[in-house]
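J.:
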Amino acid sequence: ILGCTAFVMLGGRFRKFLMSDVRFVGANAKKSIPAVGSQYANSSQKAKVQTLFEKHGCHTCGTKNKSVGIVADHQPPNKHAYGTGGAEASGEFTRRRGWLAPLLPPPPKQRYFPQCKPCSTRQSSAVAYNKQ
7 ILGCTAFVML GGRFRKFLMS DVRFVGANAK KSIPAVGSQY ANSSQKAKVQ TLFEKHGCHT
67 CGTKNKSVGI VADHQPPNKH AYGTGGAEAS GEFTRRRGWL APLLPPPPKQ RYFPQCKPCS
127 TRQSSAVAYN KQ
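Residue numbers for the sequence shown follow our numbering, so the first one is 7 and each next one is one higher.
(1) Can you give me the C-alpha to C-alpha distance between ASN84 and PHE119, rounded to a whole angstrom?
(2) With distances taken between CB atoms, is the gap from GLN116 to ALA134 smaller than 9 Å?
(3) Could you name each continuous beta strand (DSSP E) segment of 3 residues or more that falls completely within the stretch 27-101, going from the start of the chain to the end?
(4) My assumption, with CB atoms under 8 Å, is that GLN56 sits in contact with ILE39. Please give the rounded CB distance.
(5) Which residue from GLY89, LYS37, PRO114 and PRO124 puts its Cα closest to that of LYS54?
(6) State the CB to CB distance for the pair GLY6 and THR66, rounded to an integer number of angstroms; the pair is presumed to be in contact (CB under 8 Å).
(7) With a 10 Å radius around its C-beta and 16 neighbouring C-beta atoms as the bar for buried, classify LEU8 as buried or exposed.
(8) Any idea what DSSP makes of PRO120, helix, strand or coil?
(9) Can you tell me whether DSSP reads ALA107 as helix, strand or coil?
(10) For ARG29, which residues from the same chain have a beta carbon less than 6 Å from its beta carbon, with the 5 sequence-adjacent residues on both sides left out?
(11) Could you tell me which of PRO108, GLN121 and PRO112 sits nearest to LYS61, measuring between CA atoms?
(12) Name the residue from LYS123, ARG128 and ASN136 whose alpha carbon lies nearest to the alpha carbon of SER73.
(13) Assuming HIS80 and ALA41 are in contact, meaning their beta carbons sit under 8 Å apart, how far apart are those beta carbons, in whole angstroms?
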């Protein structure tokens, strides 16, 4: 008990020791940048995410190995925010909500987190099948 108390008081986080559910923000997430809707990151956003990756690593697994590839990961994923990846960009998101659109809450704000390509591939499958 004393060891656990010291660990927490020194800034340790227990969730760092658990495998992150790739469908959500990872245990290693430290910083992110705002995302604009369901669109992919542009070149300046990718550069900022790469800088975050070099400093903090992948938000899911923590690796800082750039050779595996770096992805600007939407959180929450587009499927969770809009139902389908392109729905918001095409205006389908609003049309699908129909006359209820003004009464329903807007989609959640998304952010780009740095993620390695292997975790991105696992996340893509996990989100598609709603599995961890």
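Ideal Cβ positions, reconstructed from N, Cα and C, are used throughout, including at glycine.
T.: From the atom records:
(1) 13 Å
(2) no
(3) 76-81
(4) Not really, about 11 Å apart at Cβ, beyond 8 Å.
(5) LYS37
(6) Any answer about residue 6 is impossible in this case: the structure gives the chain only from 7 up to 138.
(7) exposed
(8) strand
(9) coil
(10) ALA132 and VAL133
(11) GLN121
(12) LYS123
(13) 6 Å
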